[in-house]
Structure formats: structure tokens, C-alpha cells
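Residue numbers for the sequence shown, in UniProt numbering: 1 to 402. Virtual Cβ for every residue (Gly too), placed ideally from N, Cα, C. Small disclaimer: the values here were computed from a predicted structure and weren't measured.
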Amino acid sequence: MAYYRSVGAVPPKRHTQHRDPAGTLYFEELMGEEGFSSDSSLLYHRNIPSALMDVRRWQLPDQGTVPNTPLTPRHLVLPQLFAGSDPAEVDAVTGRRLVLGNPDVRISYVVAGRASSFYRNAIGDECVFVQGGTATVETIFGAIDVADGDYVLLPRATTHRWLPTGDEPVRLYCIEANSHIAAPKRYLSRFGQLLENAPYCERDLRGPAQPLLAATGEAPGSGFEVFVKHRDSTGIVGSVHVLPHHPFDVVGWDGCLYPYAFNVRDFEPITGRVHQPPPVHQVFEGDNFVICNFVPRKVDYHPLSIPVPYYHSNVDSDEVMFYVAGNYEARKGSGIGPGSISLHPGGHSHGPQPGAYEASIGVEFFDELAVMVDTFRPLELGEAGRSADDGKYAWSWTGGRA
């Protein structure tokens, strides 16, 4: 997103000498997208950012997927994935379990109470939704405090770590792209400013306010480990880079590429006299997928309106709905509740549960909060998706399998 920020100490002109009070040069790093022909930022390090002490393999959690064949709508009960786990033994990076995925996007879930290692996703941007709990996300750009309802946008290759705070673990719904994630183009001016008709604006975005300098720049004898997710000819793999200096050694940065948080409560819903289609709920987009959110809102006010969605078949997309909070008028009677996912694959017409269509007539307000991902290539089931499937949602419109 082309929204310029400057944090900490930067020189008056880019690519020129920048020194500390003792006269020692800082090391400038250009972090940029699309071959440095799109958004970028300049970061000024105390130490050489390329320095390595060692590298080794990181054995990732199961990243395999299986096709959703035969084509089946599904209800995935995510809270049961960590029902037997001690959150104090789980971190927000290595503890993620893959729910759904395709070559464009992967959706994972984690309930974590332990500080994570340093982490860098070298495949694409991440959009992490905080379902519950509080945390500090420390990055090379600085820190951001986050809580329930926050989206956290982390540009590709941003070194960071998750530090849960408070008494409760953090519950994270992780959307990992094979591309960049940004505001929808139709919300932006040709110069990159969010337009007046966009459902949020730059004032709603919370970026790091100051540099996050480590107490010491020197590594312990074993160095500082950064867990890196990347690709090779076999698929998604992991490596561990061991650094001789603390990765949070940036004294200042400026540019238009950086992590930020956006709270779903700052999304201004677009409503109408009759039911509005899902694109009015869109918040972000990546290559071959979009992210939408359904927030508490007044609903259709035509005297003959039917507020719940009509039955629909999005023929080009798989639709994934993550139910966060509230009452889901269209899904009553299905067993779906907070922490559930519904998967409605392209090629299957779906809509309200029996009775919900008629019962919504006269309703004026929906108290619901959900995050939706629509993909333009079929989604497959990860190990967590297979484990969380309730096995019966597909028959919820008829009351049972034949």
C-alpha cells in the first residue's frame, strides 16, 4: 500500500552516508517488491544484514493437502484442533496447523501461549487475523500491539516474532499468500490513496511507531535463529538461518512497505435496501484470492427484503467462512459457531439453512463477525482440515445423508 511512513533516524537523502554519533556507518537495506518496481522501504541497520553464522533444515509441520473429492461442502471445527494441547507449549509459528491450501494461498490455525522464534516467510505476504487474546508482534520495522479483531499484515520476508501477552493464549487465523496482499484496487486512487468510498482509510492502519532496537547487538555463542519458510522443487520447505547479530538492529526506516495492523471494528459496512453481494465486504486481495469480512451491521431495509443471503453458486470460487463471533442467522441449525469454518466449493450452490430464509424477514440488524476467503483455484484439505471436519455438514439442508 503506497502510504509513506518514516520512523526513527534516516538520512536527509536516500543512498547516502548515515552514521551513528560516534561516526560509524549504518548499513542501508532496500526491501522492495516486484524487482524494485513497486512499493519499497529503506532500512538502516547497525550490522550487516546479510551476515550468517550457520544454516540448517527446518522440518515444517505437515504441509500436504488432499483434494476435496468427491466435491463436498464442509464444516471444520477449529477449536478442537488444540483441545488437548497446553498453549504454553505452542508458539504462533511452529505450532500452526494447515487447514486448507492451494498454490495461491494457505490457511492455518494456531492457539499459542509461548513466544515464537524469529520468523520470515520468503514465499509471500501473511495476513493473520487475531480471533482472541493479545500479543506484541516484534518486527525489524518495530513492534505492534495487537488484540482480538486485528488483522496483521506482514510483507514477504519481514523478520518478526509473536509474543503473547495477558493471561489467555492468542488464537490466530493465518492466511499465507504466494503473492502480495493489499487493499482492493477499486478502493485506491491511481496514486495509491484510499478513496472516499473505501470502507476504511489510512487513519485506521497502525504501523510501528518507533524502531525496536535489541538491548545488545551481539549474539550468544549459538547465534540468533531465524526460521525461514520458502520453496524448492519439492514444494514448501523450511530453513534456519543463524545470525551473528540480533535481527532487530534497525535504527530507522522509511517507505511504503512495512507491517501494519487494522482492526475489523474499523471497517465501515456498506449496506443497501436489498441484500448486497459479497464484494461490498472485501477488505484485502492477493493473487487469485480475496479476503472479506462480515461485521455487525444494519441490514436490508426494502419493505419486502429478505436479509439473509439468497442461495448462490459462485462458479469461479471456493468460499471459506471463518466464524469469529455473534449469531449467524443464515447458518442456524447447522452446528456452526465461533471458531468454525464453512467450506463451500465452487460448483456447489449454497445458502441459508432450512428455516433461516423465512425467519430473517423483518430482521433489522445482524450481530455477526466473520472473515471470508474466496479463492479462484480449488482448495484442498490440509491435515488440520481433515481432522476438524464434522463429517455431516453436507447433509444439513436435508436433515441427514440418504
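Count the other CB atoms within 10 Å of the CB of residue i; is the residue buried (16 or more) or exposed (fewer)?
i, result
"residue 355", "exposed"
"residue 190", "exposed"
"residue 315", "exposed"
"residue 135", "buried"
"residue 122", "exposed"
"residue 319", "buried"
"residue 101", "buried"
"residue 374", "buried"
"residue 327", "exposed"
"residue 57", "exposed"
"residue 284", "buried"
"residue 65", "buried"
"residue 358", "exposed"
"residue 395", "exposed"
"residue 186", "exposed"
"residue 194", "buried"
"residue 400", "exposed"
"residue 353", "buried"
"residue 144", "buried"
"residue 20", "exposed"
"residue 23", "exposed"
Is residue i near the ligand SAH - that is, is its Cβ less than 7 Å away from at least one heavy atom of it?
i, result
"residue 136", "The ligand SAH is not among the ligands present in this structure, which contains no ligands whatsoever."
Are the Cβ atoms of residue i and residue j separated by less than 8 Å?
i, j, result
"residue 142", "residue 210", "yes"
"residue 34", "residue 45", "no"
"residue 71", "residue 229", "no"
"residue 105", "residue 177", "yes"
"residue 166", "residue 133", "yes"
"residue 393", "residue 313", "no"
"residue 306", "residue 321", "no"
"residue 378", "residue 338", "no"
"residue 42", "residue 255", "yes"
"residue 153", "residue 259", "yes"
"residue 53", "residue 223", "yes"
"residue 126", "residue 212", "no"
With DSSP run on the structure shown, which of helix, strand or coil describes residue i?
i, result
"residue 298", "strand"
"residue 425", "Absent from the structure is residue 425, since the part of the chain shown begins at 1 and ends at 402."
"residue 210", "coil"
"residue 318", "strand"
"residue 164", "strand"
"residue 87", "helix"
"residue 348", "coil"
"residue 311", "coil"
"residue 133", "coil"
"residue 363", "coil"
"residue 388", "helix"
"residue 202", "helix"
"residue 71", "coil"
"residue 328", "coil"
"residue 7", "strand"
"residue 43", "strand"
"residue 195", "coil"
"residue 80", "helix"
"residue 232", "strand"
"residue 34", "coil"
"residue 93", "coil"
"residue 280", "helix"
"residue 109", "strand"
Throw me the rounded Cβ distance for the residue i and residue j pair, which I believe falls under 8 Å.
i, j, result
"residue 109", "residue 174", "7 Å"
"residue 130", "residue 98", "At roughly 19 Å, the Cβ-Cβ gap does not stay under 8 Å, so residue 130 and residue 98 are not in contact."
"residue 12", "residue 380", "Residue 12 to residue 380, Cβ: 51 Å. No contact."
"residue 269", "residue 169", "In fact, because the Cβ distance is near 30 Å, the residues do not count as touching under 8 Å."
"residue 363", "residue 299", "6 Å"
"residue 257", "residue 50", "Not quite, the Cβ-Cβ distance comes to about 19 Å (not below 8 Å), so this is no contact."
Notebook entry, point to check: Between the segment 162-181 and the segment 283-300, do three or more beta carbon pairs fall short of 8 Å?
Noted result: yes
Check: If we count Cβ pairs, one from each stretch, closer than 8 Å, do we get three or more for the segment 379-394 versus the segment 74-89?
Finding: Judged by pairs of C-beta atoms under 8 Å, the segment 379-394 touches the segment 74-89, as three or more such pairs exist.
Notebook entry, point to check: Contact between the segment 360-369 and the segment 82-95: three or more CB pairs below 8 Å?
Noted result: no
Next item on the list: Say whether the segment 264-272 touches the segment 345-353, bearing in mind that this needs 3 or more beta-carbon pairs closer than 8 Å, one atom from each stretch.
Entry: no
Check: Below 8 Å, can you find three or more Cβ-Cβ pairs linking the segment 240-258 to the segment 268-283?
Finding: no
Note to self: Between the segment 88-105 and the segment 156-166, can you find at least three pairs of beta-carbon atoms closer than 8 Å?
What the structure shows: yes
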